[in-house]
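In order, the protein sequence lines correspond to chains B and W.
Quick note: my numbering has the first sequence finishing at residue 338, numbered continuously throughout.
Quick note: my numbering has the second sequence finishing at residue 647, numbered continuously throughout.
Notes follow the structure.
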Amino acid sequence: MSTNGLLAVEDLVVHYAVPRGLVAAAARRPQQVVRAVDGVSFTLGRGELLALVGESGCGKTTTAQTVLRLLDPVGGRISFDGQDITALPNRSLRPLRRRMQIIYQDPYESLDPRLTVRSTVEEPLLIHRAGGSKQERAELVKDALARVELTPQELFLDRYPHELSGGQRQRVAIAASIVLGPDLLVADEPVSMLDVSVRAGVLGLLDRLRQAGLGILMITHDLSTAARYADRIAVMYLGRIVEEGPAYAVIRDPQHPYTKALLSVVPRRDPRERSRPQILTGEAPDAVRIPVGCRFHPRCPRAIADCREIDPTLEPHGEGTGHRAACILAG
Amino acid sequence: MSSLLEIEELNVWFDLPRGGTLHAVQGVSFTLDRGERLGLVGESGCGKSTTVLGLLGLLPPSATISGRVLLDGVDIMAGGEETVRPHRWTDLAIVFQGAMNALNPVQTVSSQIVEALELHGLASGRAARARVGELLESVGIPRDRGERFPHEFSGGMRQRAAIAMALACNPSVLVADEPTTALDVMVQAQILELLDALCRDFGLALLLVTHDLPVVAQLCDRAAVMYAGEIVEGGPVDDLFHDPRHPYTRLLFAATPDLYGEGAPVSIPGAPPRLDRPLVGCPFHTRCDRAFARCTDERPLLKDVAAGRAAACHLNDVPAEVPV
Chain B
8 MSTNGLLAVE DLVVHYAVPR GLVAAAARRP QQVVRAVDGV SFTLGRGELL
58 ALVGESGCGK TTTAQTVLRL LDPVGGRISF DGQDITALPN RSLRPLRRRM
108 QIIYQDPYES LDPRLTVRST VEEPLLIHRA GGSKQERAEL VKDALARVEL
158 TPQELFLDRY PHELSGGQRQ RVAIAASIVL GPDLLVADEP VSMLDVSVRA
208 GVLGLLDRLR QAGLGILMIT HDLSTAARYA DRIAVMYLGR IVEEGPAYAV
258 IRDPQHPYTK ALLSVVPRRD PRERSRPQIL TGEAPDAVRI PVGCRFHPRC
308 PRAIADCREI DPTLEPHGEG TGHRAACILA G
Chain W
324 MSSLLEIEEL NVWFDLPRGG TLHAVQGVSF TLDRGERLGL VGESGCGKST
374 TVLGLLGLLP PSATISGRVL LDGVDIMAGG EETVRPHRWT DLAIVFQGAM
424 NALNPVQTVS SQIVEALELH GLASGRAARA RVGELLESVG IPRDRGERFP
474 HEFSGGMRQR AAIAMALACN PSVLVADEPT TALDVMVQAQ ILELLDALCR
524 DFGLALLLVT HDLPVVAQLC DRAAVMYAGE IVEGGPVDDL FHDPRHPYTR
574 LLFAATPDLY GEGAPVSIPG APPRLDRPLV GCPFHTRCDR AFARCTDERP
624 LLKDVAAGRA AACHLNDVPA EVPV
């Protein structure tokens with residue numbers, strides 16, 4: 008683990024129970040579970056942006072919510088700033104919560120329509136009884152708005168969400184998440200609801216917050232965005248990280264067949280750069296019935312007999328590169 | 324020879340609940356040839372969806388529409404709903420973004436398509452069921468899966484089913500409104516490959532409405548870029564990327580991240596103008612990095628700037644200023 012480690016996740020496992028129904032329960036059929044996260048490990052440092060990428064249902068959002076202890080894991084360990092928080096009771100968790108924040112995909116849904124920008128950004132301070140006097144809180148609110156570049160602040164303080172554009176709303180959500188001065192920010196698809204012309208602005212803002220020392224765990228399905236803004240990328244498939252490493256290495260020199268396929272289907276903006284999509288058939292199986300052996304083997308274009316037997320672990324690719332892949336065929 | 328589909332000076336106004344009107348589509352004209360793939364791109368609120376709903380006669384009653392929609396040279400909008408209806412689905416079919424909402428949840432997929440065939444008097448009984456089997460296979464769904472309900476399908480399968488239903492009456496134009504927006508990138512690739520194959524194999528013309536420039540760049544022959552209710556630039560996708568003639572086109576590409584692109588994407592400052600009040604000057608001038616005096620006073624018209632290319636920007640009148 009790196010010395011500036013902020014977050015360390017080891018072998019995290021999160022299950023959701025599948026409702027059985029009366030008949031199945033009476034017949035004592037075994038309880039089925041969705042193995043949403045099935046052994047995930049990663050670290051995140053201060054001033055680092057780690058992108059968790061993958062298709063819907065791969066467990067990226069569940070991972071992020073569990074890291075914040077919004078969900079409880081059934082196995083594994085979560086350390087935040089050196090402290091094991093895996094089983095910490097809510098009461099002891101509370102002081103840590105102000106240091107870990109989350110922003111969601113849809114700023115149209117995540118902001119309370121009846122609260123002004125001022126109240127929205129001030130609310131976390133009131134909940135955590137932080138920020139001192141009314142006057143000091145007002146200063147903190149203005150400072151947070153300045154950091155998300157909603158200036159002059161007087162223009163925004165008394166507005167309601169419906170009076171703001173999508174990009175401005177997401178900036179308000181970010182302001183509310185940084186007003187307590189957190190160390191960790193989880194950004195769950197922070198720009199996918201926004202128009203293309205304003206996305207770069209919000210991502211640039213997150214990038215500057217990262218440079219100022221914030222550790223950001225960004226969940227995204229957009230590899231082009233991850234390629235540009237992440238320090239490291241972790242590719243998830245069916246509850247596991249199948250490849251992880253420096254963004255440049257994962258994008259330019261992918262090792263796992265799933266990563267290669269995903270990259271090949273990303274449309275390029277230059278019409279001359281015709282992508283040669285390597286289209287996988289079907290969709291990822293559901294996480295109730297995870298294939299034995301390598302979980303990707305039924306869809307893998309390169310699978311060999313061993314892949315049906317061996318469940319590969321993340322192995323380093325090259326010396327000291329920090330690039331790892333979970334594939335027995337990876338070099 | 325005239326184009327398969329010609330849109331001339333389409334205008335759409337919406338009556339606002341609190342009075343006033345919103346001029347959502349402002350004099351949009353474009354053509355679509357047989358087997359051609361045209362992308363209609365722009366950001367939310369630019370009028371791209373309203374344009375296609377308008378030409379299909381699917382706008383709500385609060386909308387007022389003017390202009391001409393020529394299908395094989397015949398104006399199908401002239402008589403309102405009476406003249407549009409015979410062509411909807413039979414000549415012009417549409418696929419929407421949320422395939423879940425386009426399918427009836429309490430009916431099997433096959434029976435919904437059978438219903439469409441019977442309603443249009445194209446087939447019934449056993450013949451209709453056989454035709455449904457063919458349609459499902461043409462979009463990559465095994466025949467027997469048709470007996471299932473929409474909720475038993477994945478997102479990608481539902482979108483395929485919606486495409487199969489749109490193809491039921493052998494249309495010559497398929498309008499696809501954000502067909503892959505809610506889908507994962509791998510499923511998106513599958514649907515784009517399917518649309519590509521349908522155009523190639525059946526000579527279908529595609530009008531693809533999307534906010535996603537790279538999808539248009541990869542799938543379409545030509546594109547029209549919309550901003551504030553009007554088309555600001557149109558032409559072959561290659562030219563739009565490599566030699567844009569409107570600053571909005573250039574800036575929109577610059578704001579789009581690319582997997583292997585160098586440099587950071589740059590956002591466009593400001594926001595589009597409100598369409599519930601008259602526009603003065605170029606609608607883009609407040610956000611444009613090349614605006615000059617004329618742009619604030621005079622609205623540029625969409626003019627031919629090269630063979631097969633048109634743009635609505637005053638910079639094209641100043642030879643020394645090109646490229647934008």
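All C-beta atoms, glycine included, are put in the ideal place defined by N, C-alpha and C.
All of these numbers come straight from a predicted model, not from anything done at the bench.
Quick check: what's the CA-CA separation for residue 564 of chain W versus residue 329 of chain W? To locate residue 564 of chain W, count along the second sequence from 1; it is residue 241. To locate residue 329 of chain W, count along the second sequence from 1; it is residue 6. Whole-angstrom Cα-Cα distance: 25 angstroms.
Span of the beta strand (DSSP E) holding residue 219 of chain B?
-> Counted from its first residue, the first sequence places residue 219 of chain B at position 212. DSSP places residue 219 of chain B outside any beta strand (DSSP E), giving it a letter other than H or E.
Review point. Exposed or buried, what is residue 184 of chain B when buried is set at 16 or more other beta-carbons lying within 10 Å of its beta-carbon?
Key: Here residue 184 of chain B refers to the residue found at position 177 of the first sequence. Label assigned to residue 184 of chain B: buried.
Tell me which residue opens and which closes the beta strand (DSSP E) that residue 23 of chain B is part of. If you number the first sequence from 1, residue 23 of chain B lands on position 16. Per DSSP, the unbroken beta strand (DSSP E) holding residue 23 of chain B starts and ends at 12 to 24.
| query | Beta-carbon of residue 69 of chain B versus every beta-carbon of chain W: anything under 9 angstroms? | reply | Within the first sequence, the letter at position 62 stands for residue 69 of chain B. For residue 69 of chain B, the answer is no, since every Cβ of chain W falls outside 9 angstroms of its Cβ.
| field | Inter-residue Cα distance where the pair is residue 208 of chain B and residue 589 of chain W | value | Looking up residue 208 of chain B in the first sequence gives position 201. Looking up residue 589 of chain W in the second sequence gives position 266. If you take the alpha carbons of residue 208 of chain B and residue 589 of chain W, they lie about 7 angstroms apart.
Scan the stretch 499 to 532 of chain W for residues whose Cβ lies nearer than 7 angstroms to a Cβ of chain B and list them as they occur along the chain. Taking 7 angstroms as the Cβ-Cβ cut-off against chain B, the residues of the stretch 499 to 532 of chain W that qualify are 507, 508, 509, 510, 512, 513, 516.
> To which residues does DSSP link residue 494 of chain W through a beta bridge?
Replying inline: As a working mapping, residue 494 of chain W is identified with position 171 in the second sequence. Paired residues: none, contrary to the question.
- Task: Output yes if chain W places a C-beta closer than 9 angstroms to the C-beta of residue 229 of chain B; else output no.
- Result: If you number the first sequence from 1, residue 229 of chain B lands on position 222. Between residue 229 of chain B and chain W, the shortest Cβ-Cβ separation is below 9 angstroms.
Next item on the list: Using a Cβ-Cβ cut-off of less than 8 angstroms, list which residues of the stretch 74 to 93 of chain B approach chain W; keep chain order.
Entry: Cβ contacts with chain W come from no residue of the stretch 74 to 93 of chain B.
* Residue range of the beta strand (DSSP E) that includes residue 84 of chain B -> The residue labelled residue 84 of chain B in the question sits at position 77 within the first sequence. Per DSSP, the unbroken beta strand (DSSP E) holding residue 84 of chain B starts and ends at 82 to 87.
Next on the checklist: On the criterion of 16 or more Cβ atoms from any shown chain inside 10 Å, does residue 309 of chain B qualify as buried, or is it exposed?
Outcome noted: As a working note, residue 309 of chain B is residue 302 in the first sequence. The residue is exposed, with fewer than 16 neighbouring Cβ atoms inside 10 Å.
- prompt: With 16 as the cutoff for other CB atoms within 10 Å, does residue 429 of chain W come out buried or exposed?
  reply: As a first step, residue 429 of chain W is located in the second sequence; it is residue number 106 there, counting from the start. Per the 10 Å Cβ criterion, exposed.
message = Using only the alpha-carbon positions, how far apart do residue 485 of chain W and residue 164 of chain B sit?
response = Your numbering for residue 485 of chain W matches position 162 in the second sequence. Your numbering for residue 164 of chain B matches position 157 in the first sequence. Taking the straight line joining both Cα atoms gives about 45 angstroms.
Cα-Cα separation, residue 221 of chain B to residue 57 of chain B: Within the first sequence, residue 221 of chain B is the residue found at index 214, counting from 1. Within the first sequence, residue 57 of chain B is the residue found at index 50, counting from 1. A direct Cα-Cα distance of roughly 11 angstroms separates residue 221 of chain B from residue 57 of chain B.
* 6 angstroms Cβ shell around residue 614 of chain W - same chain, five flanking residues per side excluded -> In the second sequence, the residue the question calls residue 614 of chain W occupies position 291. These residues qualify, in order along the chain: 608.
Identify every residue that forms a DSSP beta bridge with residue 412 of chain W.
Looking up residue 412 of chain W in the second sequence gives position 89. For residue 412 of chain W, which the question treats as bridged, DSSP gives no partner whatsoever.
Unbroken stretches of the beta strand (DSSP E), 3 residues or longer, contained in the stretch 565 to 617 of chain W:
As far as the stretch 565 to 617 of chain W is concerned, it has no whole beta strand (DSSP E) run of at least 3 residues.
Partners in chain W for residue 234 of chain B, counting only beta-carbon separations shorter than 9 angstroms: On the first sequence, position 227 is the one that residue 234 of chain B refers to. Under a criterion of Cβ atoms nearer than 9 angstroms, the residues of chain W adjacent to residue 234 of chain B are, in order, 580, 581, 582, 583, 584.
Query raised in the report: Terminal residues of the continuous alpha helix (DSSP H) containing residue 236 of chain B?
Result: Taking the first residue of the first sequence as 1, we reach residue 236 of chain B at position 229. For residue 236 of chain B, the enclosing alpha helix (DSSP H) covers residues 230 to 236.
Q. Shortest alpha-carbon distance to residue 329 of chain B belongs to which of B:282, B:283, B:255?
A. Taking the first residue of the first sequence as 1, we reach residue 329 of chain B at position 322. The residue with the shortest Cα to Cα distance from residue 329 of chain B is B:255.
Exercise. Identify which residue in W:634, W:496, W:611, W:602 has its Cα closest to the Cα of residue 621 of chain W.
Key: The sequence position of residue 621 of chain W within the second sequence is 298, counting from 1. Comparing Cα-Cα distances from residue 621 of chain W to each of W:634, W:496, W:611, W:602, the minimum goes to W:602.
Beta-carbon separation (whole angstroms), residue 16 of chain B vs residue 233 of chain B, contact threshold 8 angstroms:
The residue given as residue 16 of chain B occupies position 9 in the first sequence. The residue given as residue 233 of chain B occupies position 226 in the first sequence. Between residue 16 of chain B and residue 233 of chain B the beta-carbon gap is near 18 angstroms, outside 8 angstroms, which marks them as no contact.
Any beta carbon from chain B within less than 9 angstroms of residue 474 of chain W's own beta carbon?
Residue numbering aside, residue 474 of chain W sits at position 151 when the second sequence is read from its first letter. Taking Cβ atoms only, chain B never reaches closer than 9 angstroms to residue 474 of chain W, which makes this a no.
Check: Taking DSSP as the reference, what is the three-state secondary structure of residue 347 of chain W?
Finding: In the second sequence, counting from the first residue as 1, residue 347 of chain W sits at position 24. It is a strand residue.
*Hey, which unbroken runs of the beta strand (DSSP E) at 3 residues or more fall wholly within the stretch 44 to 93 of chain B?*
DSSP runs (the beta strand (DSSP E)) wholly in the stretch 44 to 93 of chain B: 56 to 60, 82 to 87.
* Asked: Any idea if residue 178 of chain B is buried or exposed, counting beta-carbon neighbours within 10 angstroms, 16 or more meaning buried?
  -> As a position in the first sequence, residue 178 of chain B is number 171, starting the count at 1. Residue 178 of chain B is buried by the Cβ-count criterion.
message: According to DSSP, simplified to helix, strand and coil, what is residue 478 of chain W?
response: For the purposes of this step, residue 478 of chain W is taken as residue 155 along the second sequence, with counting starting at 1. Helix, per DSSP.
### Message
If you reduce the DSSP assignment to three classes, tell me which class residue 115 of chain B lands in.
### Response
The sequence position of residue 115 of chain B within the first sequence is 108, counting from 1. If DSSP states are grouped into helix, strand and coil, residue 115 of chain B belongs with the helices.
Quiz prompt | Bounding residues of the alpha helix (DSSP H) (the contiguous stretch that carries residue 511 of chain W) | solution = Residue numbering aside, residue 511 of chain W sits at position 188 when the second sequence is read from its first letter. Where residue 511 of chain W is concerned, the enclosing alpha helix (DSSP H) stretches over 508 to 525.
*Note down, in chain order, every chain B residue with its Cβ under 7 angstroms from the Cβ of residue 367 of chain W.*
Here residue 367 of chain W refers to the residue found at position 44 when the second sequence is read from its first residue. Proximity of chain B to residue 367 of chain W at the Cβ level (cut-off 7 angstroms) is accounted for by 202, in chain order.
- Item | Residues of the stretch 248 to 270 of chain B with Cβ closer than 9 angstroms to any Cβ of chain W, in chain order | Listed by position along the chain: 258, 259, 268, 269, 270.
*asked:* When you compare the CB of residue 176 of chain B with every CB in chain W, is at least one pair closer than 9 angstroms?
replied: Locating residue 176 of chain B in the first sequence gives position 169, counting from the first residue. False, the Cβ-Cβ gap to chain W never drops below 9 angstroms.
Using C-beta distances below 7 angstroms, list every residue in its chain close to residue 144 of chain B, excluding the 5 sequence neighbours before and after it, in chain order. The residue given as residue 144 of chain B occupies position 137 in the first sequence. In its chain, beyond the 5 residues on either side, 129, 132, 138 have a beta carbon closer than 7 angstroms to the beta carbon of residue 144 of chain B.
- Enclosing alpha helix (DSSP H) for residue 28 of chain B [first to last residue]: Walking along the first sequence from the start, residue 28 of chain B turns up at place 21. Its alpha helix (DSSP H) spans residues 28 to 33.
- Could you please give the first and the last residue of the uninterrupted alpha helix (DSSP H) stretch that includes residue 624 of chain W? The residue given as residue 624 of chain W occupies position 301 in the second sequence. Residue 624 of chain W -> no alpha helix (DSSP H), and no H or E assigned at all.
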